[in-house]
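Novice: Residue numbering for the sequence shown follows this note's numbering, beginning at 44 and increasing consecutively.
Here it is, the structure in full.
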Amino acid sequence: MTEHAVAIAGGGPTGLMLAGELALAGVDVAIVERRASQDLVGSRAGGLHARTIEVLDQRGIADRFLSEGQAMQVAAFAGVPLDISDFPTRHPYGLALVQNHIERILAGWVDELAVRFYRSRDVTGFAQHDAGVDVELSDGTSLRAQYLVGCDGGRSLVRKAAGIGFPGWDPTTSFLIAEVELAQEPTWGLHHDAIGRHAFRKLEGGLVGVLVTERHLPTSDATLRDLSEALIAVWGTDYGVYSPVWISRFTDMARQAAPYRERRVLLAGDAAHVHNPVGGQGLNLGVQDAVNLGWKLAQVVNQTSPDSLLDTYHAERHPIAARVLRDTLAQVALFRQDEHTKAVGEIISELLSMDEPRTRFAARMSGLGVHYDLGEGHPLLGRRMPDLDLVTATGALRVFTLLHEARPVLLNLGEPGGLDITPWADRVQLIDATYVGTWELPVLGAVTAPAAVLIRPDGYVAWVGDRTHLGLADALTTWFGAPTAA
44 MTEHAVAIAG GGPTGLMLAG ELALAGVDVA IVERRASQDL VGSRAGGLHA
94 RTIEVLDQRG IADRFLSEGQ AMQVAAFAGV PLDISDFPTR HPYGLALVQN
144 HIERILAGWV DELAVRFYRS RDVTGFAQHD AGVDVELSDG TSLRAQYLVG
194 CDGGRSLVRK AAGIGFPGWD PTTSFLIAEV ELAQEPTWGL HHDAIGRHAF
244 RKLEGGLVGV LVTERHLPTS DATLRDLSEA LIAVWGTDYG VYSPVWISRF
294 TDMARQAAPY RERRVLLAGD AAHVHNPVGG QGLNLGVQDA VNLGWKLAQV
344 VNQTSPDSLL DTYHAERHPI AARVLRDTLA QVALFRQDEH TKAVGEIISE
394 LLSMDEPRTR FAARMSGLGV HYDLGEGHPL LGRRMPDLDL VTATGALRVF
444 TLLHEARPVL LNLGEPGGLD ITPWADRVQL IDATYVGTWE LPVLGAVTAP
494 AAVLIRPDGY VAWVGDRTHL GLADALTTWF GAPTAA
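Below, the structure written as structure tokens:
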């Protein structure tokens, strides 16, 4: 039986990002993926939000994505654009880039980190025991791992086999999305009627991207006939639809795994939460799940931290996804075309044109407003660390550059040499630096400049210090393990 420290079921964006995070920490990680290659049929998700771009920048790979996509304002709530160009970030925009390109670029990075792939096979079952998980594959072989992470989508076998509940809201509306050829030219753009939202857009190679709301809730997988019938119901014609490259069906169903962890099995991405794609949250949410989980799982595997550190993954990420589910339910409700809902939508649009509601919702949709509850204290605590331009003894340095290897950083902005973390020096970088400028956070605005900050590998602030440095040892122990004996 082949052994790995961590096995990941699913090699989509979430699984790829998680594998990269683990590999950076020296963890032996393997991905089990049903596809023979990283090729993906259809464009699927359409872009990256600002916080996801920041996360990629923290690893030094953002330029790979930015060079292929189109930077633009993509944040919106219920179709109302939310401009983030005035946000305090190096990336005050989203990126239009379809999922097959996102996966290809991520896979290239993961290949550089020598992650093992088991392609053309699925995880079909597993058995947990005290020392690990025995994972059964569809080709009859098995793997043994200390931990198994299900990144295998909304119908996750890992979640079901682990007995993890998936409560939520049943679907009320169904949509077909496809990439096809049409014999007749449609009316391009986005349209609304009594049935719902519909759209036609031009794609490369003469293909047409189609979105159409269905009259009823079907129970089977989408077919070309279903698409034809749905088009006829809305437009009176199917425009001679033919040669589908990809057809899929999605609904407004919203569900979330009750716990994200069952002993040695964890869930991330769509395996942990599913919702309507309005707002473009899904892929971004999964990638950020992976970045939250990766360093924690690595520290547990490397015996730096106790197993209990993994409980903070659920504690931090479950509320974030719960809010996304609530937001997507609200947005889908606002797409209804009865006069009552239209009136509510007009009021929402008016509110979001005001600065304070706009910034608050834009921070939510872009991911820049994520706040983990790490207790009372400085406004930075539990929030993303700004990518400041620092001055150090060796020259100018960006904060995100310090995070390229996914190692924690204690940034000392006071007297050089004023902090001693010798018992953690093997795992935490101590950087003496100065920064002249305003400390500014999305929504909150300017905040008091700290004397020191402890930055986790995922870029979130775990401790903020004044000149007394109270609580630093506790924070180091909580997040990065017990001190090494002298």
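Even for Gly, the Cβ is constructed at its ideal location relative to N, Cα and C.
Out of Gly-502, Trp-482, Arg-78, Val-70, which one is the CA nearest neighbour of Tyr-190?
Specialist: With distances taken between Cα atoms, Tyr-190 lies closest to Val-70.
Novice: Would you mind sorting Gly-283 into buried or exposed? The rule is 16 or more other CB atoms within 10 Å of its CB.
Specialist: Gly-283 comes out exposed.
Novice: Answer yes or no: do Leu-301 and Gly-418 have a C-beta to C-beta separation smaller than 8 Å?
Specialist: Per the sequence shown, the amino acid found at residue 301 is Ala instead of Leu. No. Outside cutoff.
Novice: Checking 8 Å against the spacing of the C-beta atoms, do Pro-56 and Gly-502 come in under that value?
Specialist: Not a contact, by the Cβ cut-off of 8 Å.
Novice: Please give the ranges of any beta strand (DSSP E) in the region 384 to 441, keeping only runs that are unbroken, at least 3 residues long and fully inside the region.
Specialist: Those beta strand (DSSP E) runs which fall completely within the region 384 to 441 and span 3+ residues are 432 to 435, 438 to 441.
Novice: CA-CA distance, Gly-183 and Asp-165?
Specialist: Their Cα atoms are separated by approximately 10 Å.
Novice: What residue from Ala-93, Gln-116, Gly-206 has the CA that sits closest to Ala-105's CA?
Specialist: Of Ala-93, Gln-116, Gly-206, the residue nearest in Cα terms is Ala-93.
Novice: What three-state label does DSSP hand Glu-76 in the structure shown?
Specialist: Of the three classes helix, strand and coil, the one that applies to Glu-76 here is strand, per DSSP.
Novice: What's the gap between the Cα of Gly-420 and the Cα of Gly-206?
Specialist: Their Cα atoms are separated by approximately 38 Å.
Novice: Have a look at Gln-342 and Phe-523 and give me their C-alpha separation to the nearest angstrom.
Specialist: Roughly 8 Å between the two C-alpha positions.
Novice: Round the Cβ separation of Met-296 and Asp-195 to the nearest angstrom and send it over; I've been treating them as touching at under 8 Å.
Specialist: Contact doesn't hold; Cβ gap of about 18 Å is too wide.
Novice: Below 8 Å on the Cβ atoms is my guess for Phe-218 versus Gly-54; work out the distance and round it to an integer in Å.
Specialist: Going by Cβ atoms, the distance from Phe-218 to Gly-54 rounds to 26 Å, so no, they are not a contact pair.
Novice: Go ahead and pull the three-state DSSP assignment for Gln-171.
Specialist: If DSSP states are grouped into helix, strand and coil, Gln-171 belongs with the strands.
Novice: If you draw a straight line from the alpha carbon of Gln-346 to that of Phe-243, how long is it in whole angstroms?
Specialist: Roughly 53 Å between the two C-alpha positions.
Novice: What alpha helix (DSSP H) runs, 4 residues minimum, are completely inside the region 171 to 250?
Specialist: The region 171 to 250 contains these whole alpha helix (DSSP H) runs: 200 to 204.
Novice: Considering Arg-298, what are the terminal residues of the beta strand (DSSP E) in which it resides?
Specialist: From DSSP, the beta strand (DSSP E) with Arg-298 extends over 297 to 299.
Novice: Would you call the CB atoms of Leu-484 and Arg-426 closer than 8 Å?
Specialist: In this structure, Arg-426 lies closer than 8 Å to Leu-484 by Cβ.
Novice: Would you kindly check if the distance between the Cβ of Ala-358 and the Cβ of Ala-333 is under 8 Å?
Specialist: Taking 8 Å as the Cβ cut-off, Ala-333 and Ala-358 do not qualify as a contacting pair.
Novice: For the beta strand (DSSP E) containing Leu-446, list its first residue and its last residue.
Specialist: Premise fails: Leu-446 is in no beta strand (DSSP E) and is neither H nor E.
Novice: Counting Cβ pairs closer than 8 Å, one from the region 507 to 527 and one from the region 472 to 483, do we hit at least three?
Specialist: Not touching, per the Cβ criterion.
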